[in-house]
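Colleague: Each residue of the sequence shown is one higher than the one before, starting from 11 at the first, in the working numbering. Virtual Cβ for every residue (Gly too), placed ideally from N, Cα, C. Predicted, not measured: the structure shown is a model, and the values here were computed from it.
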Amino acid sequence: MSARVLVTGGVRSGKSRHAESLLLPPHLDDPAPVTYLACGPQRDDPDWAARVQAHRDRRPATWTTLESTDAAAALTAATGPVLLDCLGTWLTAQLDEIDAWESPQEQWEAELDARVDALDAAWRAAPHVVAVTNEVGWGVVPAYRSGRVFADRLGMLGQRLARSATRVDLVVLGQVLTIKDEP
């Protein structure tokens, strides 16, 4: 089965658990080994470490975890299904790397656009990928520039990948609503 599935929802909505379920039998015709692509920045935070460990504990032992902020290269190199979790942490890492949080947009926009282009191309070429993202557009406009940069860019990234997704699922309170489903 070839698919590009985008799973979106709020924090603690159940989106990662749902995305994982899409790569388990009976959803996956061929139970090939799955690569779990953790593409966020490394943090020295005990609460974050506990959250990451909870995700690891519920995944099958046959899944391989790859930690990389170069999601495009990881998707291109993958030979089987990939779970990319999540676009929000990937974007955070990219914004960190190009020092975009407080710098003028004209100093980093071209570089970020190139990275998004590379991710989009890898996403479109991947034979089977499920990507998780956060739905950030339902709250107030962030008071700080860094929050606005993140929310705006993540919203644009989600829209871009959704256009070429074969399926888009919205997860709210652990309930899944498929909002796009193309054969």
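(1) Given a threshold of 16 other Cβ atoms within 10 Å of its Cβ, counted over all protein chains shown, does M11 qualify as buried or as exposed?
(2) Residues in its own chain within less than 6 Å of V181 by CB, not counting five upstream and five downstream?
(3) Roughly how many angstroms lie between the CA atoms of W118 and D162, to the nearest whole one?
(4) For the alpha helix (DSSP H) holding L85, just list the boundary residues, first then last.
(5) Report the partner residues of V17 according to the DSSP bridge assignment.
(6) In whole angstroms, what separates the C-alpha of E116 from that of W100?
(7) Please name the residue in R14, A13, V21 and L16 whose C-alpha comes closest to that of L183.
(8) Decide if the segment 62 to 80 is in contact with the segment 108 to 115; the criterion is three or more beta carbon pairs, one per stretch, under 8 Å apart.
(9) Starting from the Cα of E145, find the closest Cα among P56, F160 and Y46 and give me that residue.
(10) Quick one: Cα of T143 to Cα of V151, how far?
(11) Quick one: give me the first and last residue of the beta strand (DSSP E) that E121 is part of.
Modeller: In short:
(1) Within the sequence shown, the letter at position 1 stands for residue 11. Residue placement at M11 cannot be trusted, given a pLDDT of 48 that sits under 50; the coordinates are not used to answer.
(2) Within the sequence shown, residue 181 is the residue found at index 171, counting from 1. Hits under 6 Å: G19, S23, G24, K25 and H28.
(3) For the purposes of this step, residue 118 is taken as residue 108 along the sequence shown, with counting starting at 1. For the purposes of this step, residue 162 is taken as residue 152 along the sequence shown, with counting starting at 1. Cα to Cα, W118 sits roughly 15 Å from D162.
(4) The residue you call residue 85 lines up with position 75 of the sequence shown. Its alpha helix (DSSP H) spans residues A81 to A87.
(5) The residue given as residue 17 occupies position 7 in the sequence shown. Beta-bridge pairing links V17 to V142 and D179.
(6) As a working note, residue 116 is residue 106 in the sequence shown. As a working note, residue 100 is residue 90 in the sequence shown. Distance between the alpha carbons of E116 and W100: 21 Å.
(7) Position 173 of the sequence shown, counted from the first residue, corresponds to residue 183. Per the Cα distances, V21.
(8) no
(9) For the purposes of this step, residue 145 is identified with residue 135 of the sequence shown, where counting begins at 1. Measuring from the Cα of E145, the nearest candidate turns out to be F160.
(10) The residue labelled residue 143 in the question sits at position 133 within the sequence shown. The residue labelled residue 151 in the question sits at position 141 within the sequence shown. In a straight line, the C-alpha of T143 is about 18 Å away from that of V151.
(11) Position 111 of the sequence shown, counting from 1, holds the residue named residue 121. Where E121 is concerned, there is no enclosing beta strand (DSSP E), although the alpha helix (DSSP H) it sits in stretches over Q115 to A135.
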